[in-house]
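So, in structure tokens, the structure goes:
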């Protein structure tokens, strides 16, 4: 075979790519991991990692994980209901494609401009805040709402979590074949029974992998929370950022240990995600 | 099964509420940008004027656009031949490439920037102190998963082997084969990836901010902390930019299945 002779040299073609990936992805990642186990005077140590399990650091992780979990579950549930509503037979096709297009934009619209959009809407001087106060005599800030707290951040995160869920789950919902629903109903199953015994079990791997994606999305987010709270909230990415912008931590290796911790959490997520993804692909055509 | 003529009440309520949640913040931001700085009431274009007369606005916008073009150029030059080569000669490497493309999900920008700053702090100034060096280096990595999955799908849809052999038997060399045979066939995939890269770079804040560079997103942050009404105007512009990039992506990929799921890929990098 003439291909045989060339084969051992074929990998040379991929060298530029792997060199690049090494220099800008693997090397920095390795640096973070190594730094997490270094002490200030350069020796190896486990003390940074031990710190992560004590206050205040363990609390930062708790806040971050809580926030990611809440926005992933709420965004996932709402996104699923919206995608399902749009997929129903009676919903006009233009509504469906408008939601799909808008979700594509909104899932990619985040960070500083999004934070400001919510400040202009629901901030202390926001348009909706003013409208509710002047027209309907509801003062949301007196009633306990505050955009600049963790609850506020969660509310804003839903703005990109819900669209992401719609984008990810809509193909899975479309993959539920009409015949299955018709077969179930001709055997006397109610709509509820169909979802309980057929729809949800089939969608479960897709739903779970979508929730994991949303969790990672919120867990890694930095800009939106930073802009809303001016960097004064105790989420892990914000604390890491504060070290580099304002020297809050005394030990630089603690920032690396915090980053390493994020890596571990996300790596666990990916390890659950991959087999789920494979399972959900089974039902897609 | 019962056939429905119109939209079900359940769907109508859900979709109207969802549309309200998504549209109100955008409308409010736009109205806010029209409020007069002096009176706080509608309507004045003063905030927009402030933005358009701000030299910083134009210079950071220009910086970010150049960064985006540079990121797209490097990504295409680096990834198109590699993905082509992997499909043609090293199909077994596809698994490894896909695994690498998942890595930026595990190593988000906030972690990546910590590593990059430590690795390159003693690199030469033309690289470390220039956005066109350091930032682009990082942005190509951020764009990598979206470029890769887009290109991989594009190459899967064409017959790489036949095209290459046909081109070679007509006397074309490698460079000519790639530029005149392969690239036109994966143009849509390359453009989709490029528009996603554009959206990512035009919105990326984490790395630019921690590495102390002035880009369009860090300018928005600066304006937001200093002037409320112009900040609303800039936020509207940023949203319009994202719209433009995403709509272009959908338009070039009109005939491609799964084009919406591609958009899902862009999110994680910039929020």
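Chains as they are written, first to last, in the working numbering: chain A, 16 to 300; chain B, 551 to 821. Idealized CB from N, CA, C, for every residue including glycine. Quick caveat, the model's predicted, so the values are computed rather than measured.
So, under 8 Å CB-CB, residue i and residue j are touching, yes? Tell me the CB distance rounded to an integer number of Å.
{"i": "residue 575 of chain B", "j": "residue 133 of chain A", "result": "6 Å"}
{"i": "residue 747 of chain B", "j": "residue 648 of chain B", "result": "Residue 747 of chain B to residue 648 of chain B, Cβ: 19 Å. No contact."}
{"i": "residue 756 of chain B", "j": "residue 686 of chain B", "result": "With 8 Å as the limit, residue 756 of chain B and residue 686 of chain B do not qualify as a contact, their Cβ atoms being about 15 Å apart."}
{"i": "residue 760 of chain B", "j": "residue 259 of chain A", "result": "5 Å"}
{"i": "residue 173 of chain A", "j": "residue 122 of chain A", "result": "With 8 Å as the limit, residue 173 of chain A and residue 122 of chain A do not qualify as a contact, their Cβ atoms being about 12 Å apart."}
{"i": "residue 234 of chain A", "j": "residue 83 of chain A", "result": "4 Å"}
{"i": "residue 657 of chain B", "j": "residue 40 of chain A", "result": "7 Å"}
{"i": "residue 681 of chain B", "j": "residue 613 of chain B", "result": "6 Å"}
{"i": "residue 266 of chain A", "j": "residue 73 of chain A", "result": "Rounded, the Cβ-Cβ distance is 16 Å, inconsistent with contact."}
{"i": "residue 600 of chain B", "j": "residue 777 of chain B", "result": "7 Å"}
{"i": "residue 689 of chain B", "j": "residue 651 of chain B", "result": "With a Cβ gap of about 15 Å, residue 689 of chain B and residue 651 of chain B do not count as contacting."}
{"i": "residue 47 of chain A", "j": "residue 661 of chain B", "result": "6 Å"}
{"i": "residue 766 of chain B", "j": "residue 610 of chain B", "result": "5 Å"}
{"i": "residue 188 of chain A", "j": "residue 99 of chain A", "result": "6 Å"}
{"i": "residue 207 of chain A", "j": "residue 118 of chain A", "result": "Not quite, the Cβ-Cβ distance comes to about 27 Å (not below 8 Å), so this is no contact."}
If I measure Cβ to Cβ from residue i and keep anything under 6 Å in the same chain, skipping five residues before and after, which residues do I get?
{"i": "residue 556 of chain B", "result": "none"}
{"i": "residue 597 of chain B", "result": "583, 779, 780, 783"}
{"i": "residue 268 of chain A", "result": "50, 53, 63"}
{"i": "residue 148 of chain A", "result": "154"}
{"i": "residue 291 of chain A", "result": "220, 223, 224"}
{"i": "residue 226 of chain A", "result": "87, 91"}
{"i": "residue 281 of chain A", "result": "231"}
{"i": "residue 678 of chain B", "result": "670, 684"}
{"i": "residue 792 of chain B", "result": "749"}
{"i": "residue 818 of chain B", "result": "Its pLDDT being 45, under 50, residue 818 of chain B is placed unreliably by the model, and nothing is read from it."}
{"i": "residue 114 of chain A", "result": "101"}
{"i": "residue 704 of chain B", "result": "736, 739"}
{"i": "residue 95 of chain A", "result": "184"}
By Cβ distance, which residues of its chain are closer than 7 Å to residue i, with the 5 residues on each side in sequence left out?
{"i": "residue 801 of chain B", "result": "none"}
{"i": "residue 552 of chain B", "result": "With a pLDDT of 48 at residue 552 of chain B, under the threshold of 50, the modelled position of this residue cannot be trusted, and the question is left open."}
{"i": "residue 167 of chain A", "result": "161, 243"}
{"i": "residue 75 of chain A", "result": "249, 250, 251, 254"}
{"i": "residue 136 of chain A", "result": "142, 143"}
{"i": "residue 214 of chain A", "result": "191"}
{"i": "residue 271 of chain A", "result": "47, 50, 51"}
If you compare alpha carbons, which of the options is closest to residue i?
{"i": "residue 216 of chain A", "options": "A/162, A/233, A/195", "result": "A/195"}
{"i": "residue 603 of chain B", "options": "B/780, B/727, B/716", "result": "B/780"}
{"i": "residue 797 of chain B", "options": "B/758, B/749, B/774, B/776", "result": "B/749"}
{"i": "residue 566 of chain B", "options": "A/125, A/106, A/193", "result": "A/106"}
{"i": "residue 30 of chain A", "options": "B/631, B/710, B/697, B/735", "result": "B/631"}
{"i": "residue 88 of chain A", "options": "A/191, A/237, A/246, A/169", "result": "A/169"}
{"i": "residue 626 of chain B", "options": "A/154, A/266, A/32", "result": "A/32"}
{"i": "residue 653 of chain B", "options": "B/673, B/616, B/623, B/696", "result": "B/696"}
{"i": "residue 43 of chain A", "options": "B/764, B/704, B/684", "result": "B/684"}
{"i": "residue 80 of chain A", "options": "A/279, A/27, A/245, A/151", "result": "A/279"}
{"i": "residue 70 of chain A", "options": "A/288, A/273, A/38", "result": "A/273"}
{"i": "residue 97 of chain A", "options": "B/668, B/558, B/793, B/767", "result": "B/558"}
{"i": "residue 186 of chain A", "options": "A/102, A/197, A/139, A/247", "result": "A/102"}
{"i": "residue 193 of chain A", "options": "A/26, A/118, A/104, A/165", "result": "A/104"}
{"i": "residue 764 of chain B", "options": "B/594, B/606, B/585", "result": "B/606"}
{"i": "residue 762 of chain B", "options": "B/710, B/594, B/640, B/664", "result": "B/664"}
{"i": "residue 571 of chain B", "options": "A/115, A/159, A/257, A/177", "result": "A/177"}
{"i": "residue 245 of chain A", "options": "B/608, B/785, B/794, B/771", "result": "B/771"}
{"i": "residue 165 of chain A", "options": "A/45, A/85, A/26, A/146", "result": "A/85"}
Excluding the five sequence neighbours on either side, which residues of its own chain have a C-beta within less than 8 Å of the C-beta of residue i, listed in chain order?
{"i": "residue 701 of chain B", "result": "629, 630, 633, 736, 739, 740, 743"}
{"i": "residue 714 of chain B", "result": "638, 727, 731, 732"}
{"i": "residue 644 of chain B", "result": "636, 637, 702"}
{"i": "residue 238 of chain A", "result": "125, 126, 127, 130"}
{"i": "residue 24 of chain A", "result": "none"}
{"i": "residue 156 of chain A", "result": "139, 144"}
Indicate, with yes or no, if the ligand SAM has a heavy atom lying under 7 Å from the CB of residue i.
{"i": "residue 248 of chain A", "result": "Ligands are entirely absent from the displayed structure, and the ligand SAM is therefore not among its contents."}
The segment 770–788 of chain B: which residues have C-beta closer than 7 Å to a C-beta of chain A, in chain order?
Interface annotation for the segment 770–788 of chain B against chain A: 770, 771, 774, 781, 782, 785, 788, criterion Cβ-Cβ distance under 7 Å.
Taking a cut of 8 Å between CB atoms, which residues from the segment 625–643 of chain B lie near chain A?
Result list: 628, 629, 631, 632, 635, 636, 639, 640, 643.
Complete runs of the alpha helix (DSSP H) confined to the segment 225–278 of chain A [at least 4 residues]
If only uninterrupted alpha helix (DSSP H) runs of at least 4 residues are considered, those enclosed by the segment 225–278 of chain A are 238–244, 251–261.
Under 7 Å (Cβ pairs) to chain A, residues found in the segment 572–606 of chain B
Interface annotation for the segment 572–606 of chain B against chain A: 572, 574, 575, 576, 578, 579, 581, 582, criterion Cβ-Cβ distance under 7 Å.
Residues, ordered as in the chain, of the segment 208–239 of chain A that lie near chain B by beta-carbon distance below 7 Å:
Contacts with chain B (Cβ-Cβ distance below 7 Å) from the segment 208–239 of chain A involve 231, 232, 235, 236, 237, 238, 239, listed in chain order.
What are the residues of the segment 789–804 of chain B that lie near chain A, defined by any Cβ-Cβ distance shorter than 7 Å?
Within the segment 789–804 of chain B, the qualifying residues are 789, 792, 793, 796, 800.
Selection of the segment 730–761 of chain B by Cβ proximity to chain A, strictly under 9 Å
Close to chain A, meaning a Cβ-Cβ distance shorter than 9 Å, are the following residues of the segment 730–761 of chain B: 746, 749, 750, 753, 754, 755, 756, 759, 760, 761.
To be precise: take each residue of the segment 40–71 of chain A, compare its Cβ to all Cβ atoms of chain B, and keep it if any distance is under 7 Å. Which residues remain?
Those would be 40, 42, 43, 44, 46, 47, 50, in chain order.
Identify each residue in the segment 662–693 of chain B for which the Cβ-Cβ distance to at least one residue of chain A is less than 8 Å, and report them in chain order.
Taking 8 Å as the Cβ-Cβ cut-off against chain A, the residues of the segment 662–693 of chain B that qualify are 662, 663, 664, 665, 666, 667, 668, 669, 687, 688, 690, 691.
Threshold first: 4 residues or longer. Then list the alpha helix (DSSP H) segments lying entirely within the segment 77–159 of chain A, N to C.
As far as the segment 77–159 of chain A is concerned, its whole alpha helix (DSSP H) runs of at least 4 residues are 108–121, 126–137, 142–150.
Return the residues of the segment 646–657 of chain B that lie within a Cβ-Cβ distance of less than 8 Å from chain A, sorted by chain order.
Listed by position along the chain: 650, 652, 653, 654, 655, 656, 657.
Which of the residues in the segment 269–297 of chain A, read from start to end, lie with their CB under 7 Å from any CB of chain B?
In summary, the residues of the segment 269–297 of chain A whose CB is separated from some CB of chain B by less than 7 Å are 270, 271, 274, 277, 278, 281, 282, 285, in the order they occur in the chain.
Unbroken alpha helix (DSSP H) runs of length 4 or more, entirely within the segment 596–645 of chain B: which are they?
As far as the segment 596–645 of chain B is concerned, its whole alpha helix (DSSP H) runs of at least 4 residues are 596–602, 605–638.
Beta carbons nearer than 8 Å to chain B: which residues of the segment 105–129 of chain A have them?
Only those residues of the segment 105–129 of chain A whose C-beta falls short of 8 Å from the nearest C-beta of chain B are listed: 105, 106, 107, 110, 114, 115, 116, 117, 118, 119, 120, 121, 122, 123, 124, 125, 126, 127, 128, 129.
Chain A contacts from the segment 556–571 of chain B (Cβ-Cβ distance under 7 Å):
Those would be 556, 557, 558, 560, 561, 564, 565, 568, in chain order.
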